[in-house]
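Residue numbers (our numbering), protein chains in the order written: chain A, 56 to 398; chain B, 27 to 118.
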């Protein structure tokens, strides 16, 4: 059971950035403040972990009318703030949830404190409907989502206790990654992934179902869907790529993966498959057009790790973009044996 | 205040050991790659590293070094941070 929710402030509990708002601090997010009071009514504590001066905490207590169980405002890592809060209140990491709009802060906490339930603000309302957060009734969707959180936690706890390499651990979990041509039944989920993925998304813009449908019909495009499962549970469709194929070059128009699949070898498997499939078709080069943003750093690390390199940024529009390329004639990344690919 | 490159390399080794949970990074040769088979950082571990470098040294590697060549090895990362601390970029 979650006993305490730890809140980020800027662009999370507050509708704006405290230090950038001059004399008038940003208002409290109405939607999230409602959830905060709901949860407090169920006996759940609240705390603040914010990269701000202490005044931000004082202001938020006044603005929400809620007395927080602990307030850590400072410039350290969020995981350190959470450690301090759990120590102060006397809770363990598996009894707290952490809400932050910044994907990298969430990644840092998920990485260092695997027991913490890490949520984006838009996921909090959904999570608040779970028994895990003291909700009484449970819909089928809420039950399924709750199970997913529990599976994730069980996997992380086992990972922490496991001695071998990451690859050994993925094998130990019975990880199965399946890459296959997407079908019409996948369209709603493909659209949803294009909206909801940020850390692993090469374009950062939503793609309508109709656009995916057109690419499924196109002879010059491949749309590959990636599914993930292991003995803890079935995560379903977690990623995809869209490739414009020509004999000379494969142009990857979109690469995306859900952060649900983070740390489970999926993005590396997808990139390895693209490289190997392109070579099997006799294509000399693969080019991935990728937005340069602080949000998709994990994807850019995966690209360079798979041997992709870029030259100068493209000079087009306000969005920073670069093309990452690699030839198919040198040593290609390995495709682990738990990955199933199209014949 | 200046900082010796040995201190900096030591700090980076400790940080890597902390992120990977494996003390091997403290003794590994300077040429050891950070990703994949070397220190074994995956994209998430690499992101945590870059976030921590930005927080500690105010150097945004992901923004400046698009090919992330500074992640090629322990030594490459230490040299990059050292060089950037010696010659800060002027704000644009």
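Positions of the beta carbon are idealized from the N, C-alpha and C atoms, including for glycine.
All figures in this text were calculated on a predicted structure; none of them were measured in a lab.
Span of the beta strand (DSSP E) around residue i
{"i": "residue 153 (chain A)", "result": "151–154"}
{"i": "residue 236 (chain A)", "result": "231–236"}
Sequence-distant residues of the same chain with beta carbon closer than 8 Å to residue i, five excluded per side
{"i": "residue 205 (chain A)", "result": "187"}
{"i": "residue 57 (chain B)", "result": "99, 100, 101"}
{"i": "residue 357 (chain A)", "result": "255, 322, 323, 326"}
{"i": "residue 303 (chain A)", "result": "338, 339, 340"}
{"i": "residue 192 (chain A)", "result": "Bear in mind that the predicted position of residue 192 (chain A) carries a pLDDT of just 48, short of 50, making it unreliable; the figure below should be weighed with that in mind. If we look at residue 192 (chain A) and ignore the five residues flanking it on each side, it has no Cβ neighbours."}
{"i": "residue 84 (chain A)", "result": "67, 68, 69, 70, 176"}
{"i": "residue 74 (chain B)", "result": "45"}
{"i": "residue 264 (chain A)", "result": "242, 243, 245, 246"}
Cut-off 7 Å between Cβ atoms - residues of its own chain near residue i, not counting five sequence neighbours on either side
{"i": "residue 108 (chain B)", "result": "31, 34"}
{"i": "residue 363 (chain A)", "result": "343, 379, 380, 381"}
{"i": "residue 299 (chain A)", "result": "275, 276, 306, 308"}
{"i": "residue 331 (chain A)", "result": "387, 390"}
{"i": "residue 261 (chain A)", "result": "249, 250"}
{"i": "residue 226 (chain A)", "result": "393"}
Residue i, enclosing alpha helix (DSSP H) - first and last residue
{"i": "residue 48 (chain B)", "result": "Per DSSP, residue 48 (chain B) belongs to no alpha helix (DSSP H) and is neither H nor E."}
{"i": "residue 171 (chain A)", "result": "Unbroken run through residue 171 (chain A): none, as it is neither H nor E."}
{"i": "residue 312 (chain A)", "result": "Run containing residue 312 (chain A): none in the alpha helix (DSSP H); it sits in the beta strand (DSSP E), 304–312."}
{"i": "residue 253 (chain A)", "result": "Residue 253 (chain A) -> no alpha helix (DSSP H), and no H or E assigned at all."}
{"i": "residue 321 (chain A)", "result": "321–335"}
{"i": "residue 239 (chain A)", "result": "From DSSP, residue 239 (chain A) is part of no alpha helix (DSSP H); its letter is neither H nor E."}
{"i": "residue 109 (chain A)", "result": "109–119"}
{"i": "residue 389 (chain A)", "result": "Element bounds for residue 389 (chain A): n/a, residue is neither H nor E."}
{"i": "residue 370 (chain A)", "result": "Residue 370 (chain A) -> no alpha helix (DSSP H), and no H or E assigned at all."}
{"i": "residue 432 (chain A)", "result": "Here chain A comprises residues numbered 56 to 398, so residue 432 (chain A) is not present and cannot be evaluated."}
{"i": "residue 141 (chain A)", "result": "133–144"}
{"i": "residue 112 (chain B)", "result": "100–112"}
Beta-carbon proximity list for residue i, same chain, < 6 Å, skipping 5 on both sides
{"i": "residue 361 (chain A)", "result": "326, 388"}
{"i": "residue 244 (chain A)", "result": "292"}
{"i": "residue 375 (chain A)", "result": "347, 368"}
{"i": "residue 279 (chain A)", "result": "234, 296"}
{"i": "residue 82 (chain A)", "result": "70"}
{"i": "residue 80 (chain B)", "result": "86"}
{"i": "residue 211 (chain A)", "result": "169"}
{"i": "residue 386 (chain A)", "result": "none"}
Cβ pair residue i, residue j closer than 7 Å
{"i": "residue 62 (chain B)", "j": "residue 51 (chain B)", "result": "no"}
{"i": "residue 22 (chain A)", "j": "residue 341 (chain A)", "result": "Because residue 22 (chain A) is not part of the residues shown, which for chain A are 56 to 398, the question remains open."}
{"i": "residue 46 (chain B)", "j": "residue 163 (chain A)", "result": "no"}
{"i": "residue 349 (chain A)", "j": "residue 235 (chain A)", "result": "no"}
{"i": "residue 31 (chain A)", "j": "residue 123 (chain A)", "result": "Absent from the model: residue 31 (chain A). The displayed extent of chain A is 56 to 398, so no value can be given."}
{"i": "residue 66 (chain A)", "j": "residue 178 (chain A)", "result": "no"}
{"i": "residue 312 (chain A)", "j": "residue 294 (chain A)", "result": "yes"}
{"i": "residue 60 (chain A)", "j": "residue 148 (chain A)", "result": "no"}
{"i": "residue 253 (chain A)", "j": "residue 158 (chain A)", "result": "yes"}
{"i": "residue 230 (chain A)", "j": "residue 93 (chain B)", "result": "no"}
{"i": "residue 64 (chain A)", "j": "residue 141 (chain A)", "result": "no"}
{"i": "residue 257 (chain A)", "j": "residue 345 (chain A)", "result": "yes"}
{"i": "residue 97 (chain A)", "j": "residue 189 (chain A)", "result": "yes"}
{"i": "residue 128 (chain A)", "j": "residue 139 (chain A)", "result": "no"}
{"i": "residue 318 (chain A)", "j": "residue 70 (chain B)", "result": "yes"}
Beta-ladder partner(s) of residue i, from DSSP
{"i": "residue 80 (chain A)", "result": "In DSSP, residue 80 (chain A) forms no bridge with anything."}
{"i": "residue 379 (chain A)", "result": "A:343, A:365"}
{"i": "residue 296 (chain A)", "result": "A:279, A:310"}
{"i": "residue 70 (chain B)", "result": "BP columns for residue 70 (chain B) are empty, so no partner."}
{"i": "residue 85 (chain B)", "result": "Note: residue 85 (chain B) sits in no beta bridge, so no partner."}
{"i": "residue 57 (chain A)", "result": "Paired residues: none, contrary to the question."}
{"i": "residue 223 (chain A)", "result": "DSSP output for residue 223 (chain A) lists no bridge partner at all."}
{"i": "residue 395 (chain A)", "result": "A:233"}
{"i": "residue 69 (chain A)", "result": "A:83"}
{"i": "residue 228 (chain A)", "result": "Residue 228 (chain A) is not bridged to any residue."}
{"i": "residue 291 (chain A)", "result": "A:283"}
{"i": "residue 103 (chain A)", "result": "A:62, A:126"}
{"i": "residue 358 (chain A)", "result": "For residue 358 (chain A), which the question treats as bridged, DSSP gives no partner whatsoever."}
{"i": "residue 61 (chain B)", "result": "B:67"}
Chain B residues whose Cβ lies nearer than 9 Å to that of residue i
{"i": "residue 347 (chain A)", "result": "88, 89, 92"}
{"i": "residue 166 (chain A)", "result": "45, 70, 71, 73, 74"}
{"i": "residue 318 (chain A)", "result": "68, 69, 70, 71"}
{"i": "residue 220 (chain A)", "result": "66"}
Chain B residues whose Cβ lies nearer than 8 Å to that of residue i
{"i": "residue 84 (chain A)", "result": "In chain order: nothing, as chain B lies at least about 24 Å away."}
{"i": "residue 136 (chain A)", "result": "Result: empty, since nearest Cβ-Cβ is about 12 Å, beyond 8 Å."}
Amino acids of chain A, ordered along the chain, whose beta-carbon sits closer than 8 Å to that of residue i
{"i": "residue 61 (chain B)", "result": "356, 359, 360"}
Residues that residue i contacts on chain B, provided the C-beta gap is smaller than 7 Å
{"i": "residue 365 (chain A)", "result": "92, 93"}
{"i": "residue 352 (chain A)", "result": "73, 76, 88"}
{"i": "residue 57 (chain A)", "result": "Going along chain B, no residue has its Cβ under 7 Å from residue 57 (chain A), so there is no contact; the nearest lies around 23 Å."}
Beta-carbon neighbours of residue i, restricted to chain A and to distances below 7 Å
{"i": "residue 77 (chain B)", "result": "159, 163"}
{"i": "residue 84 (chain B)", "result": "Correct list: empty, because the minimum Cβ distance to chain A is about 11 Å."}
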